[in-house]
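Novice: I'd like to ask some things about the structure below.
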Amino acid sequence: MMVYDSWLDLARASAEKLQALADACDPATFGLDQRDVLDESYRKAGKMDSANFSMKLNIKKLRIIDYVHEQLLDGTNEGKRIRYELYKMNVYGKGSFFKSHKDTPRGGTMFASLVVVFPTPHEGGALILRHGGREWTFDSAVLTRNQAAPCIEYIAFYSDVDHEVSPVTSGYRVTVTYNLFLEGEDAHSLPLPVTPVTPDATVFHNALSAALADAQFLPRGGCLAFGLSFQYPVDPQERAVLKTTVLKGSDAMIQRVCTQLSLASTLSAVYYVGDGVQMLVSAPRNLMGNVYLGEDDDGLPSYLMGAYRAKVIHEFGKKTLRIAWEDNQRFPAEDTVRIAWVTPLTFHSRFGLPYHEYYGNEPSSECLYGDLCLAVHVGPPGKRETARTQKTKTRDDGDSDREASDDSDEGTDEDEEDRSGDNSDERSDEDEEDRSSADTNFIITQQVVLEFSESDSE
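Rendered as structure tokens:
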């Protein structure tokens, strides 16, 4: 780094040179009501504007922005590129800190900040982030100390995230901050050589492992479903199945962790078939083709069940579904799949599949709409692993994903039939809903650990 015509190697800088760097800084201010305010009871640190220093660090060459793009942007903004601007350098010496705050946007399209921490020895100065009632700690001192060779640490976070820097107890914490802006259409056309593994993968793995070890978690097995954070194309004219290999970012991370835990996961579609009924089909493709449904057919749900082994979705915590068009009867247990939504279903990859139906002599063209999700199949306690079933059963078209979906309910349908036997039809929906509130616990999202209430209302 060059500061006022002097080069400084921050990987090997002495305490004297770091003190000189701190002395060259101005007192750091913070934004309040569109003003820069100096108050060392709220923030005590040094700052240097970008015009007064230069660096050999090239975050574009290091592909840091590519990784940030991969991890921070979901399907809503995936088609845009990130423009970055070097904002300032900060030096936190002993006793320096910055109380909880949010970054002041430096433009209408600024959406996040990138903080790069140099490998200067220090203790304390952890960056603590809070959002939605949750807290994360990015402790650069520990990360730097645990590296065999000097390396930078970096973190990117959205502008609406509260964050603070805890007091530095020794040494110097030296950082540079970049403002990140969303602009135009995606210029990141080249794929990443690898999908980065974030610390969230470890958090997810540990939390899911703990959940699976608890017998109260999905005691009869079931399906964990994740709404996808990224957009994936579904071509109505393409008959090939859509595989989990297309997943990226946090979506891919979830699938990798589930594979490590021997849980079968499938890229699936949720179809909306009317009367509030949703159906799950694994490995979505062009299902319909030139199918015609007429007066003698049992309707779209029956067709999907017969042709594609679709299952009617029964969400934990909701009343048992009934077939309104067939004398208010329940869907048979073998035609349903119990789903717990870990992250909400998103609409980034909504698609429509055309089909035809006719009554009398009048055919009509209709469209079946669906949204993509990741379905993870979990067995009951003692038989949690489902991926072995996925590997051993294959179809002529190579679509083992669909077999895994069907077999994921093994050991659960019998329990379902027992509960739907004697007096099962006499139970009221209110009784079912009361029973659904009994079990509580866990689960995970792409970014954080969440509590999840298993509501086994069947």
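Note that the UniProt record's numbering has the sequence shown beginning at 1, numbered continuously upward.
By construction, the Cβ of each residue, glycine as well, lies at the ideal position given by its N, Cα and C atoms.
This structure is a prediction, so every number in the text was calculated from the model and none was measured.
Using three-state DSSP, classify Ala13 as helix, strand or coil.
Specialist: coil
Novice: Determine the direct distance from the alpha carbon of Met253 to that of Thr389, and round the result to whole angstroms.
Specialist: Summary for Thr389: the model assigns pLDDT 46, below 50, so the residue's position carries little reliability, and this model does not support an answer.
Novice: Taking 6 Å as the limit between beta carbons, can you name the residues of its chain near Tyr369, skipping five residues before and five after?
Specialist: Tyr272 and Gly352
Novice: Please tell me whether Thr175 and Val270 are closer than 8 Å, where the distance is taken between their beta carbons.
Specialist: no
Novice: So what does His101 bridge to, in DSSP terms?
Specialist: His163
Novice: Buried or exposed: which applies to Thr137, given that a residue is buried once 16 or more other Cβ atoms fall within 10 Å of its Cβ?
Specialist: exposed
Novice: Inspect the CB distances between the region 202 to 214 and the region 242 to 259 and report whether three or more fall short of 8 Å.
Specialist: yes
Novice: Whole alpha helix (DSSP H) runs in the region 50 to 89 with 4 or more residues, listed along the chain?
Specialist: 64 to 72
Novice: At the level of alpha carbons, what is the spacing between Ser436 and Leu218?
Specialist: Confidence at Ser436 is low in this model, with a pLDDT of 30, below 50, so the placement of that residue should be treated as unreliable; the coordinate-derived value is given next. Straight-line Cα distance between these residues: approximately 12 Å.
Novice: Give me the DSSP bridge partner(s) of Lys311.
Specialist: Leu280
Novice: Cβ atoms of Asp160 and Lys99: under 8 Å apart, would you say?
Specialist: no
Novice: Quick one: using the 10 Å Cβ neighbour count with 16 as the cut-off for buried, is Leu18 buried or exposed?
Specialist: buried
Novice: Per DSSP, what kind of secondary structure is Gln19 in: helix, strand or coil?
Specialist: Here Gln19 sits in helix by DSSP.
Novice: Ends of the alpha helix (DSSP H) at Ala141?
Specialist: In this chain, the alpha helix (DSSP H) harbouring Ala141 covers Ser140 to Arg145.
Novice: Is Ala333 near Ser268, with beta carbons less than 8 Å apart?
Specialist: No, the Cβ-Cβ distance between Ala333 and Ser268 is not below 8 Å.
Novice: Please tell me whether Lys243 and Ala283 are closer than 8 Å, where the distance is taken between their beta carbons.
Specialist: yes
Novice: Quick one: using the 10 Å Cβ neighbour count with 16 as the cut-off for buried, is Pro119 buried or exposed?
Specialist: buried
Novice: How is the beta strand (DSSP E) around Arg106 delimited, first residue to last?
Specialist: Taken as a continuous stretch (DSSP letters only), Arg106 belongs to no beta strand (DSSP E), as it is neither H nor E.
Novice: Helix, strand or coil: which one does DSSP assign to Ser250?
Specialist: helix
Novice: Quick check on this structure: which residue in Gln260, Asn58, Lys88 and Ile82 has the alpha carbon closest to the alpha carbon of Thr29?
Specialist: Lys88
Novice: For Val168 versus His122, is the C-beta distance shorter than 8 Å?
Specialist: yes
Novice: Helix, strand or coil: how does DSSP classify Ser209 here?
Specialist: Ser209 sits in a helix when the DSSP states are folded into three classes.
Novice: Hey, quick one: how far does the beta strand (DSSP E) through Ile339 stretch, first residue to last?
Specialist: Thr336 to Thr343
Novice: If we call anything under 8 Å between Cβ atoms a contact, is Ile339 one with His314?
Specialist: yes
Novice: Nearest to Ser265 by CA position, among Phe226, Tyr158 and Gly276, is which residue?
Specialist: Minimum Cα-Cα distance from Ser265 among the listed residues Phe226, Tyr158 and Gly276 corresponds to Phe226.
Novice: Leaving aside the five residues before and after Glu153 along the sequence, list all residues of the same chain whose C-beta is less than 6 Å from its C-beta, in chain order.
Specialist: Cβ neighbours of Glu153 beyond the five flanking positions: Val117, Ser140 and Leu143.
Novice: What do you get for Gly184, buried or exposed, if any count of 16 or more other CB atoms within 10 angstroms of its CB means buried?
Specialist: exposed
Novice: Among Arg35, Arg173 and Gly124, which residue has its Cα nearest to the Cα of Ala15?
Specialist: Arg173
Novice: Quick check: what's the CA-CA separation for Val449 versus Arg81?
Specialist: Interpretation of Val449 is limited by its pLDDT of 34, a score under 50 that renders its predicted location unreliable; no figure is taken from the coordinates.
Novice: Rounded to whole angstroms, what is the Cα-Cα separation between His188 and Phe53?
Specialist: Low per-residue confidence applies at His188: pLDDT is 41, beneath 50, and the placement is therefore not dependable enough to give any value.
Novice: Taking DSSP as the reference, what is the three-state secondary structure of Gly299?
Specialist: coil
Novice: Here's the rule I'm using: 16 or more other beta-carbon atoms within 10 Å means buried, otherwise exposed. How should Gln147 be labelled?
Specialist: exposed
Novice: Consult DSSP for Val234 and reduce its assignment to one of helix, strand or coil.
Specialist: coil
Novice: Spell out the partners DSSP gives Asp26 in its beta bridges.
Specialist: Lys47
Novice: Which partner residues does Pro332 have in the DSSP bridge list?
Specialist: In DSSP, Pro332 forms no bridge with anything.
Novice: Out of curiosity, what's the CA-to-CA distance linking Leu8 and Gly132?
Specialist: 40 Å
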